[in-house]
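Read the structure below first, then the notes.
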Amino acid sequence: MDAWQQSRCTTLIEEFGETESGHSPGATPTKVNFVSHRVKRLFLLTFLVASVAAGQTKHLCVTIDDLPVVAYGIADTSYQRKIITALTRGLVDARAPAIGFVNEQKLNDDTGLSPFRVSLLEQWLDAGLDLGNHTYSHPDINTITCAAYFADVIRGETVTRQLLRRRGTTLRYFRHPFLYLGSTKHVADSLSTFLAGRGYTTAPVTIDNDDYMFAAMYHRAYQRRDTADAKKVGREYVAYLETKLQYYERQSVKLFGRPIAQVLLIHASRLNAEHIDALLAMIRRNGYSFADLASVLRDEAYHTPITVYKKYGISWLDRWALSAGKTGDFFKEEPDVPEYIRAGWK
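First residue of the sequence shown: 2, per this note's numbering; consecutive thereafter.
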């Protein structure tokens, strides 16, 4: 229950002037007073229950990386268009205000900047969805200099910033490739300072997962025209993602005493395009409403400091847990991908 709800409940109690005997001080109990008192108590109880339920609404932002599409080398424009069309249609139909993160290197073809690939981003924006920067070439901050990484960030905002400006908005969010923040506090702080200087807010991820493994297996199944295997991969992917959603909700309760607003990461693949409706329905079935990234980041959990830095790309819930001194047993229930997926995706 938030502050307004608490204040309103207090006001109602004061207005009712209730005592343990069930009537206002100084009043003579009557049958009418007793009934009135019972009605008031019932009203107050209903209000309290509704207030608590409203305060427990769970929110989730869908974020999709590697736009315009994860094409696995398929240059066919109809294939790429189908992916963006399916993703945008599913998100709009579900009223999920998603944000996509762009690698602008993928906007180029053999002749340079591709108007067609830029049009995929325009289609995304025309659907009312947002875009963010995922760098130009998806570099690993642990293997290049900060200066080279910063240059890649700047190069990765050129087209996206222009597209957003034409629509009267700005480029606000940055998603770290591989979810690598930097292996030391010095590197991480340097990157944070640089991003803030360019007006970026970091787009964290709380529901991390291995969707890319399923996506690769799904792609290969269709390449060999094995629709039965593709359907199996798709079914198991949705079930897997549900276990990850439930796991990270439990982790948030263990850390913060409540389900926090979540940020889901998936990729712009054929797998997600063809299962977007099932994924969004599954998320709703677990009690979540969809929200934009700005709304989710207003959750106080996102102000939790990170004090542990290593070379890994993990959920922010994991980062916060490690920073709070949590160790092995805290993470032991994390679901894994099926063994045949892990063994075969490469």
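Every residue, glycine too, gets a C-beta built ideally from N, C-alpha and C. Source: prediction; values computed, not measured.
Going by C-alpha distance, which of the options is nearest residue i?
{"i": "I315", "options": "D110, R271 and T207", "result": "T207"}
{"i": "E237", "options": "M214, R259 and Q224", "result": "M214"}
{"i": "V103", "options": "I84, T136, T194 and K333", "result": "T136"}
{"i": "A292", "options": "P205, A262 and A269", "result": "A262"}
{"i": "P178", "options": "H139, P260, A274 and R320", "result": "H139"}
{"i": "D300", "options": "S270, L272, K327 and F257", "result": "F257"}
{"i": "A189", "options": "D66, Y310 and A72", "result": "Y310"}
{"i": "R251", "options": "K233, P336 and L172", "result": "P336"}
{"i": "D66", "options": "K333, R162 and A269", "result": "A269"}
{"i": "D209", "options": "K347, E243, P69 and L92", "result": "E243"}
{"i": "L280", "options": "R118, L246 and F331", "result": "L246"}
{"i": "V119", "options": "D94, D141, V154 and V70", "result": "V70"}
{"i": "E339", "options": "D141, V239 and Y73", "result": "Reading the sequence as shown, one finds Pro at residue 339 and not Glu. That would be V239, whose Cα lies nearest to the Cα of P339."}
{"i": "D278", "options": "T78, L68, R90 and S79", "result": "R90"}
{"i": "V264", "options": "K327, R82 and L318", "result": "L318"}
{"i": "Y249", "options": "G345, Y181, I284 and H276", "result": "I284"}
{"i": "S79", "options": "L165, F332, R271 and L114", "result": "R271"}
{"i": "A295", "options": "Y303, Y289 and G288", "result": "Y303"}
{"i": "R162", "options": "T328, L68 and N134", "result": "N134"}
{"i": "S184", "options": "T170, R176, D141 and K83", "result": "D141"}
{"i": "L68", "options": "R168, R166 and R176", "result": "R176"}
So residue i and residue j are supposed to be a Cβ contact under 8 Å. How far apart are they, rounded?
{"i": "K312", "j": "N109", "result": "About 29 Å separates the two Cβ atoms, so there is no contact after all."}
{"i": "L172", "j": "L182", "result": "That belief does not hold up - the Cβ atoms of L172 and L182 are roughly 20 Å apart, past 8 Å."}
{"i": "E275", "j": "G235", "result": "7 Å"}
Does DSSP put residue i in a helix, in a strand, or in coil?
{"i": "S290", "result": "strand"}
{"i": "N104", "result": "coil"}
{"i": "G129", "result": "coil"}
{"i": "G329", "result": "helix"}
{"i": "N109", "result": "strand"}
{"i": "A28", "result": "Confidence is the limiting factor: at A28 the pLDDT is only 44, short of 50, which leaves the residue's position unreliable, though a coordinate-based value still follows. The answer is coil: DSSP assigns A28 none of H, G, I, E or B."}
{"i": "N34", "result": "Summary for N34: the model assigns pLDDT 46, below 50, so the residue's position carries little reliability; its value from the coordinates is reported in the next sentence. Of the three classes helix, strand and coil, the one that applies to N34 here is helix, per DSSP."}
{"i": "V53", "result": "Caution applies to V53, whose pLDDT of 39 falls short of 50 and renders its modelled position unreliable; the model cannot decide the point."}
{"i": "N273", "result": "helix"}
{"i": "L114", "result": "strand"}
{"i": "D66", "result": "strand"}
{"i": "H220", "result": "helix"}
{"i": "K245", "result": "helix"}
{"i": "Y238", "result": "helix"}
{"i": "V264", "result": "strand"}
{"i": "L298", "result": "coil"}
{"i": "Y303", "result": "helix"}
{"i": "P336", "result": "coil"}
{"i": "I145", "result": "coil"}
{"i": "K311", "result": "coil"}
{"i": "I208", "result": "strand"}
{"i": "H1", "result": "Shown here, the chain extends from 2 to 347; a query on residue 1 therefore has no answer."}
{"i": "K83", "result": "helix"}
{"i": "T203", "result": "strand"}
{"i": "K347", "result": "coil"}
{"i": "Y150", "result": "helix"}
{"i": "L92", "result": "helix"}
{"i": "Y213", "result": "helix"}
{"i": "L180", "result": "helix"}
Look at residue i and residue j and say whether their C-beta atoms are less than 7 Å apart.
{"i": "T266", "j": "T64", "result": "In the sequence under discussion, the amino acid at residue 266 is Leu, which differs from the Thr named in the question. Yes; because the gap between Cβ atoms is below 7 Å, this pair is in contact."}
{"i": "L132", "j": "G101", "result": "yes"}
{"i": "I85", "j": "L121", "result": "yes"}
{"i": "L130", "j": "A99", "result": "yes"}
{"i": "Y174", "j": "T146", "result": "no"}
{"i": "I307", "j": "R320", "result": "yes"}
{"i": "V254", "j": "C62", "result": "no"}
{"i": "E105", "j": "G157", "result": "yes"}
{"i": "A231", "j": "Y223", "result": "yes"}
{"i": "K59", "j": "P205", "result": "no"}
{"i": "V93", "j": "A128", "result": "yes"}
{"i": "A87", "j": "Q81", "result": "no"}
Ignore the nearest five residues each way along the sequence and tell me which others in residue i's own chain have a CB closer than 7 Å to its CB.
{"i": "I342", "result": "M214, F215 and M218"}
{"i": "R199", "result": "none"}
{"i": "D211", "result": "V338"}
{"i": "F117", "result": "T78"}
{"i": "L114", "result": "L108"}
{"i": "E334", "result": "Y248"}
{"i": "K186", "result": "Y310"}
{"i": "T349", "result": "Any answer about residue 349 is impossible in this case: the structure gives the chain only from 2 up to 347."}
{"i": "A97", "result": "V63, L281 and F291"}
Can you list, in chain order, the residues of its chain whose CB lies under 6 Å from that of residue i, leaving out five sequence neighbours each side?
{"i": "F195", "result": "F151"}
{"i": "N273", "result": "I267"}
{"i": "R42", "result": "Model confidence at R42 stands at a pLDDT of 48, short of 50, so the residue's coordinates are unreliable and nothing is read from them."}
{"i": "R221", "result": "none"}
{"i": "A95", "result": "L281"}
Please indicate yes or no: does the CB of residue i lie closer than 6 Å to some heavy atom of the ligand FMN?
{"i": "D227", "result": "Among the ligands in the structure shown, none appear at all, so the ligand FMN cannot be discussed."}
Given residue i, which residues of its chain have a CB within under 8 Å of its CB, disregarding the five upstream and five downstream residues?
{"i": "D77", "result": "none"}
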